[in-house]
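*Asks:* In UniProt numbering, the protein residues as written are 1 to 277. The beta-carbon is built from N, C-alpha and C at its ideal position, and this holds for glycine as well. Below you will find the structure I want to go over with you.
And the structure:
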């Protein structure tokens, strides 16, 4: 397979346009918003591609039946030096899955991913019924200082957004503060193709207080104000995320398999157990 130079990235856009998976993280690489790599089976007229966002989200698109390309994909995926901590591999069509499964079964596990479509009318109804922020807490948009604090406490954001100016230019973020510390946050995991991928964090001791709902609501309102479409996707075993998406007016569109690898096998096993896989 061939690795594209950054100026060649747009050549793979037609392969993504026919995919029903909204791969915001892939467009983020194509549009030079976030860092990553793009591999293709043919340099000038590719029919298959692998887009690897440095944040760990990977996307396969195009023709799944190029055996030589598939073999190269497996070599890339099975080399831990090519990844930072973990990767989630999504495919434009389920036809990829049986072709790769047996070759990666000792490395990855198969999870299920749920995708959603934003419904503005349903969100407007939900936004009108938001509860008030608990006393002593403050809801704020993320400025550079707050994002630096957030990035320090969430190290994977160093690979996802390599600099604070980069995030401030392209991304969005809202957070809830308690005693000047971030206890809940909704941020752009990725931005591309006119969409932003939603990422949510609430510290365990502050969960089940409605904070995620409130911070997501503020984030989505900002998205709409700047004409960005909020995009929601989550592991199908994450019941809290599934329920929050529906509460905020998102509609589930599909439920598909994906491959997951993490360098720490204990983390993989704990997640599988806690998510009823």
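By how many angstroms is the C-alpha of residue 266 removed from the C-alpha of residue 218?
*Replies:* One-based indexing of the chain shown puts residue 218 at position 218. One-based indexing of the chain shown puts residue 266 at position 266. So the two alpha carbons sit approximately 35 Å from each other.
*Asks:* Compute the beta-carbon to beta-carbon distance between residue 6 and residue 42, rounded to the nearest angstrom, for a pair I have assumed lies under 8 Å.
*Replies:* What you label residue 6 is simply residue 6 of the chain shown in a count that begins at 1. What you label residue 42 is simply residue 42 of the chain shown in a count that begins at 1. Contact flag wrong, Cβ pair sits at about 18 Å.
*Asks:* Can you find the residues in the same chain that come closer than 6 Å, C-beta to C-beta, to residue 9, ignoring five residues on each side of it along the sequence?
*Replies:* Working through the chain shown from its first residue, we reach residue 9 at position 9. 30 and 38, listed in sequence order.
*Asks:* Terminal residues of the continuous alpha helix (DSSP H) containing residue 151?
*Replies:* Counted from its first residue, the chain shown places residue 151 at position 151. Per DSSP, residue 151 belongs to the alpha helix (DSSP H) from 144-153.
*Asks:* Which ranges would you report for the alpha helix (DSSP H) in the segment 84-159 if only whole runs of at least 4 residues count?
*Replies:* 96-104, 120-127 and 144-153
*Asks:* So, are the CB atoms of residue 91 and residue 256 less than 9 Å apart?
*Replies:* In the chain shown, the residue the question calls residue 91 occupies position 91. In the chain shown, the residue the question calls residue 256 occupies position 256. For residue 91 and residue 256, yes; Cβs fall inside 9 Å.
*Asks:* Specify the secondary structure class of residue 202 as computed by DSSP and reduced to three states.
*Replies:* On the chain shown, position 202 is the one that residue 202 refers to. Here residue 202 sits in strand by DSSP.
*Asks:* Do you know offhand how far residue 167's Cα is from residue 161's?
*Replies:* Sequence index remark: in the chain shown, residue 167 carries index 167 (1-based). Sequence index remark: in the chain shown, residue 161 carries index 161 (1-based). If I take the Cα positions, the gap works out to 6 Å.
*Asks:* If you pair each beta-carbon of the segment 119-129 with each one of the segment 96-110, do three or more pairs fall below 8 Å?
*Replies:* no
*Asks:* Along the alpha helix (DSSP H) that carries residue 67, what are the first and last residues, could you check?
*Replies:* Counting from 1 along the chain shown, the entry for residue 67 is found at position 67. First-last of the alpha helix (DSSP H) with residue 67: 67-77.
*Asks:* Would you identify the three-state DSSP class for residue 273, choosing helix, strand or coil?
*Replies:* As a first step, residue 273 must be located in the chain shown, where it is residue number 273. Looking at residue 273 - three-state DSSP - the assignment turns out to be helix.
*Asks:* With a CB to CB cut of under 8 Å and the five nearest residues on each side skipped, what residues in its chain are close to residue 221?
*Replies:* For this step, residue 221 is matched to residue 221 along the chain shown. Closer than 8 Å at the Cβ level, and outside the excluded window around residue 221, lie 127.
*Asks:* Thinking C-beta only, is residue 87 closer than 9 Å to residue 261?
*Replies:* Here residue 261 refers to the residue found at position 261 of the chain shown. Here residue 87 refers to the residue found at position 87 of the chain shown. Going by C-beta atoms, residue 261 is nearer than 9 Å to residue 87.
*Asks:* If contacts are defined as beta-carbon pairs under 8 Å, then residue 284 and residue 175 qualify, I think. What distance do you get, rounded to the angstrom?
*Replies:* The first residue shown for the chain is 1 and the last is 277, placing residue 284 beyond what the model contains.
*Asks:* Three or more C-beta pairs under 8 Å: does that hold for the segment 222-234 against the segment 183-199?
*Replies:* yes
*Asks:* Give the straight-line distance between the Cα atoms of residue 243 and residue 113, rounded to the nearest whole angstrom.
*Replies:* Translated into the one-based positions of the chain shown, residue 243 becomes position 243. Translated into the one-based positions of the chain shown, residue 113 becomes position 113. So the two alpha carbons sit approximately 14 Å from each other.
*Asks:* Could you tell me the distance, in whole angstroms, from the CA atom of residue 253 to the CA atom of residue 21?
*Replies:* Translated into the one-based positions of the chain shown, residue 253 becomes position 253. Translated into the one-based positions of the chain shown, residue 21 becomes position 21. Using only the alpha carbons, I get a separation of about 10 Å.
*Asks:* Looking at the unbroken alpha helix (DSSP H) that takes in residue 27, where does it start and where does it end?
*Replies:* The residue you call residue 27 lines up with position 27 of the chain shown. From DSSP, the alpha helix (DSSP H) with residue 27 extends over 24-30.
*Asks:* Tell me the residue span of the alpha helix (DSSP H) that contains residue 220.
*Replies:* Here the question's residue 220 lines up with position 220 in the chain shown. Element bounds for residue 220: 211-225.
*Asks:* Taking the DSSP output, what are the residues bridged to residue 258?
*Replies:* Translated into the one-based positions of the chain shown, residue 258 becomes position 258. Beta-bridge pairing links residue 258 to 111.
*Asks:* Judging by CA-CA distance, which residue of 137, 225 and 165 is the nearest neighbour of residue 148?
*Replies:* As a working mapping, residue 148 is identified with position 148 in the chain shown. Among 137, 225 and 165, the Cα nearest to that of residue 148 belongs to 165.
*Asks:* Please check the pair residue 197 and residue 24, which I expect to be a contact at CB under 8 Å, by giving their CB distance rounded to whole angstroms.
*Replies:* Reading the chain shown from its first residue, position 197 is the one you call residue 197. Reading the chain shown from its first residue, position 24 is the one you call residue 24. Right, the Cβ-Cβ distance comes to about 4 Å (below 8 Å), so this counts as a contact.
*Asks:* From residue 235 to residue 271, what does the alpha carbon distance come to, in whole angstroms?
*Replies:* Counted from its first residue, the chain shown places residue 235 at position 235. Counted from its first residue, the chain shown places residue 271 at position 271. Taking the straight line joining both Cα atoms gives about 11 Å.
*Asks:* What residue range does the alpha helix (DSSP H) around residue 166 cover?
*Replies:* One-based indexing of the chain shown puts residue 166 at position 166. Start and end: 164-170.
*Asks:* Would the beta-carbon of residue 159 fall within 9 Å of that of residue 56?
*Replies:* Counting from 1 along the chain shown, the entry for residue 159 is found at position 159. Counting from 1 along the chain shown, the entry for residue 56 is found at position 56. It is a contact, given that the beta carbons lie within the stated cut-off.
*Asks:* Note down, in chain order, each residue of its chain lying with its Cβ closer than 6 Å to the Cβ of residue 278, except the 5 sequence neighbours on either side.
*Replies:* No information on residue 278 is available, as it lies outside the stretch 1 to 277 that the chain covers here.
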